[in-house]
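In terms of mature numbering (1 follows the signal peptide of the UniProt record, and there is no 0), the sequence shown is residues -28 to -1, 1 to 171. Glycine included, C-beta positions come from ideal geometry on N, C-alpha and C. Remarks on the structure that follows.
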Amino acid sequence: MLRTSLSLSSLAGAALLCALTATAPARAAVEDDQPGAGPSAAPPEALDERARRGLKLVPAGVHLNMKGRDRALVGLGSYLVNAAGACNDCHTHPSYLPGGDPFLGQTEVINAAQYLTGGRQFGTVTSANLRPDADGHPAGLKLWQFIRLMRNGRDPGDSHILQVMPWPVYGKMVLGDLRAIYEYLSALPPAADNPNPGP
């Protein structure tokens, strides 16, 4: 029970911290985001507040591929991943660069090189790489597999129920929010699994 309480407290604290620091200036490069380039060319004023904030929360050094993507959906997905969901805390190891750990009173600098590549260990469980595979599927999952995993917590590879991932919380999100998370993760550049997993 103590371990669960600490995990929930850490997650809530991380979410609050992300929300409080969300006013940082835009830091990420967005590729193929030129006027007339399709859905990704939505003018900033057409984006809702969460999508605008989400696009500003993409970690420095992480370059989104916006070609053919809905800018509003990617922005909302980033907001849900980087502010509300605190996905970085479990799916990036280490979460912050040396000297950039906000829990030590330092200015936040997210570990862009290992951003969402997994590797955080919780006992015998290691967090998954959420970055797209060679086919562009986040964590190697098609959209329907991702939604099913978020709803029922079952790993599509072997059907075991995920024990650390807070899927019972994320599974309550509306379908549009889960789709936005998937769209954001799909816009990230592919990356190999974290080569240095640890607690």
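Run through DSSP, which three-state label would residue i get?
i	result
L76	helix
L29	coil
P140	helix
V81	coil
H35	strand
V97	strand
R41	coil
G90	strand
G47	helix
residue 197	This structure gives no information on residue 197, because the portion of the chain shown stretches from -28 to 171.
R(-2)	Residue confidence is low: R(-2) scores 42 on pLDDT, short of 50, so the model does not pin down where it sits. No coordinate-derived value is stated.
Which value, in whole angstroms, describes the spacing of the CA atoms of residue i and residue j?
i	j	result
N60	Y68	9 Å
R24	Y51	8 Å
Q86	T98	14 Å
G26	S131	32 Å
D20	R92	33 Å
F94	A32	27 Å
W116	L102	15 Å
M137	D165	17 Å
G129	A163	20 Å
With burial defined as no fewer than 16 other Cβ atoms inside 10 Å of the residue's Cβ, what is the status of residue i: buried or exposed?
i	result
A152	buried
Y154	buried
I133	exposed
T64	buried
L76	exposed
L147	exposed
G57	buried
residue 172	With the chain covering -28 to 171 only, the question about residue 172 has no answer from this structure.
N168	exposed
G108	exposed
residue 188	The chain is shown from -28 up to 171; residue 188 falls before or after that span and cannot be answered.
residue 184	Lying before the first or after the last residue shown, residue 184 is absent from the chain, which here runs from -28 to 171.
G49	buried
M18	The residue you asked about is not Met; residue 18 is Ala in the sequence shown. So A18 ends up on the exposed side.
Bridge partners of residue i, per DSSP?
i	result
R126	I133
P110	P104
G170	R92
Y68	I82
Assuming residue i contacts residue j (C-beta within less than 8 Å), just tell me the rounded distance between them.
i	j	result
L157	P110	4 Å
R123	G143	4 Å
L29	A55	6 Å
N83	P104	That pair is no contact at about 18 Å.
Under 7 Å from any heavy atom of the ligand ADP, does the C-beta of residue i make it?
i	result
N54	By its list of ligands, the structure shown contains no ligand whatsoever, and the ligand ADP lies outside what it can speak to.
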